[in-house]
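Undergrad: Read in order, the letters of the sequence shown correspond to residues 1 to 316 in the working numbering.
Ideal Cβ placement from N, Cα and C applies to all residues, glycine included.
One structure follows; several queries about it will come next.
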Amino acid sequence: MIVEASAPSNIALIKYMGKIEGTGNRPANASISYSLEHLRTWVTLEPLSGAADEWAPLERAGLAAPELSAVGREKFLKHFARMKEALGVSGFFRIRSANNFPSDCGLASSASSFAALTLAAAQLQPGRLDVSELSRLSRQGSGSSCRSLFTPWALWEGEGAESVEIPTGTLLHAAVIVSAGVKEVSSSQAHERVTTSPRFEGRVARAHERLRRLISALKESDWRVAFDTCWDEFVDMHELFETSQPAFGYRRADSKAVVDAAKHIWSFKGDGPLVTMDAGPNVHLLFRPDQRELAEKMVKFHREKHKVITSWGGWT
Ligand code: PMV
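Here it is as structure tokens:
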């Protein structure tokens, strides 16, 4: 019997950055994310008569097999072993996976791929573990994947994520791909390095205060406060990177130009998208459903120079 599952990626607005050592990806601070339903991973599992689990690309029209490095493959197989143990599943399987977005487009796929693997494994013993337990397990594979089990808004504090009711409707998402190159410093390394920054002191309190402010702004439809809070948060995270020892950074001149263009819109319209950046040079924009026209204009503008991936119109 072949089982199959898929899961979305997610973008954090309050970031998971820094973890408690030796705890299987328990975060230093709570985080909140919005699911990116249009950026997904599919995983299938088929029984294998071998002596070890294997990974292979899932070949299917419209999907692109991720280019898993040896380390990436190892991490994926290790997570599957963890899942089998938690579920009491024996035997070996061939894991196939693929994304509906290319792996060389500068968007991390670890959240969607680990969440999809967690959900596929759960189908080997349906009903054995509830979604909170699955989220905790997924976290141990890749931290941010624990949020991909809850959609659209997920709050992650401690062991695993949970759903959070925020009445924004379906947001429009655009990712401006400033660079699709492989990052020199991975997010796993970033989690370790930020603790060496003098600014790490007070980071947990700052993140928690912003989390509280963001949730209440979104609940009260105060988009301006939401924008300011998201802005302060990604700048804080990037400043941690840039003041770590040794320092590193992902922001490029083009990243700055894209975020400044959004700030400019805000300054003359008094309105605009939420802006955030992950541990990479690309810029994520989130628009309310009623901002469709503005979203299309901004995307058209950025497409003169960059590839932009949108939740409503695909790729270019
Ligand atoms: O889940 P990881 O270890 O790839 O870390 C993700 C860290 C950020 O993407 C930078 C922030 C986040 O909360 O997703």
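1. In the DSSP assignment, find the unbroken beta strand (DSSP E) run with residue 160 in it and report its ends.
2. Any idea if residue 247 is buried or exposed, counting beta-carbon neighbours within 10 angstroms, 16 or more meaning buried?
3. Tell me, to the nearest whole angstrom, how far the beta carbon of residue 144 is from that of residue 111; I am working on the premise that it is less than 8 Å.
4. According to the neighbour-count rule (16 or more other Cβ atoms, all chains shown, within 10 Å of its Cβ), is residue 43 buried or exposed?
5. Within 10 angstroms of the Cβ of residue 298, are there 16 or more other Cβ atoms? Answer buried if so, exposed if not.
6. Is any heavy atom of the ligand PMV found at a distance shorter than 7 Å from the C-beta of residue 16?
7. Which class does residue 267 belong to by DSSP, given the choice of helix, strand or coil?
8. Could you check whether the segment 16-28 touches the segment 42-58, counting it as contact only if at least three pairs of C-beta atoms, one from each stretch, sit closer than 8 Å?
9. I need the straight-line Cα distance from residue 236 to residue 278, nearest angstrom please.
10. List the endpoints of the continuous alpha helix (DSSP H) containing residue 37.
11. For the ligand PMV, any of its heavy atoms closer than 7 Å to the Cβ of residue 187?
12. In terms of residues, what are the limits of the beta strand (DSSP E) holding residue 276?
13. State the start and end residues of the unbroken alpha helix (DSSP H) segment that holds residue 225.
14. Report whether the distance from the Cβ of residue 278 to the nearest heavy atom of the ligand PMV is below 7 Å.
15. Take residue 149 and list the residues in its own chain whose beta-carbon comes closer than 8 Å to its own, dropping the five residues that flank it on each side.
16. Just curious, the beta strand (DSSP E) that residue 307 is in, first and last residue?
17. Of the choices 220, 63, 108, 79, whose alpha-carbon is the least far from that of residue 97?
TA: From the atom records:
1. Locating residue 160 in the sequence shown gives position 160, where the first residue counts as 1. Here the beta strand (DSSP E) through residue 160 covers 160-163.
2. As a first step, residue 247 must be located in the sequence shown, where it is residue number 247. Residue 247 counts as exposed, since fewer than 16 other beta carbons sit within 10 angstroms of its beta carbon.
3. In the sequence shown, the residue the question calls residue 144 occupies position 144. In the sequence shown, the residue the question calls residue 111 occupies position 111. Right, the Cβ-Cβ distance comes to about 4 Å (below 8 Å), so this counts as a contact.
4. Position 43 of the sequence shown holds residue 43. Buried, since its Cβ has 16 or more Cβ neighbours within 10 Å.
5. Sequence index remark: in the sequence shown, residue 298 carries index 298 (1-based). Flag for residue 298 reads buried.
6. Working through the sequence shown from its first residue, we reach residue 16 at position 16. Yes, the ligand PMV has a heavy atom inside 7 Å of this Cβ.
7. Start at 1 with the first residue of the sequence shown, and residue 267 comes out as number 267. Helix, per DSSP.
8. The segment 16-28 vs the segment 42-58: no contact.
9. Taking the first residue of the sequence shown as position 1, residue 236 is located at position 236. Taking the first residue of the sequence shown as position 1, residue 278 is located at position 278. Each residue's Cα considered, the two are about 12 Å apart.
10. What you label residue 37 is simply residue 37 of the sequence shown in a count that begins at 1. Residue range 31-48 is occupied by the beta strand (DSSP E) that includes residue 37, with no alpha helix (DSSP H) assigned at that position.
11. In the sequence shown, residue 187 corresponds to position 187, counting from 1. Set against 7 Å, the gap from the CB of residue 187 to the closest heavy atom of the ligand PMV is smaller.
12. For the purposes of this step, residue 276 is taken as the residue at position 276 of the sequence shown. First-last of the beta strand (DSSP E) with residue 276: 274-276.
13. On the sequence shown, residue 225 is found 225 positions in, with the first residue counted as 1. First-last of the alpha helix (DSSP H) with residue 225: 223-242.
14. Position 278 of the sequence shown, counting from 1, holds the residue named residue 278. Residue 278: yes, Cβ under 7 Å from the ligand PMV.
15. Working through the sequence shown from its first residue, we reach residue 149 at position 149. Contacts found: 7, 115, 118, 119, 131, 134, 135, 138, 161.
16. One-based indexing of the sequence shown puts residue 307 at position 307. For residue 307, the enclosing beta strand (DSSP E) starts and ends at 307-310.
17. By one-based count along the sequence shown, residue 97 stands at place 97. From the listed residues 220, 63, 108, 79, the smallest Cα separation to residue 97 is found for 63.
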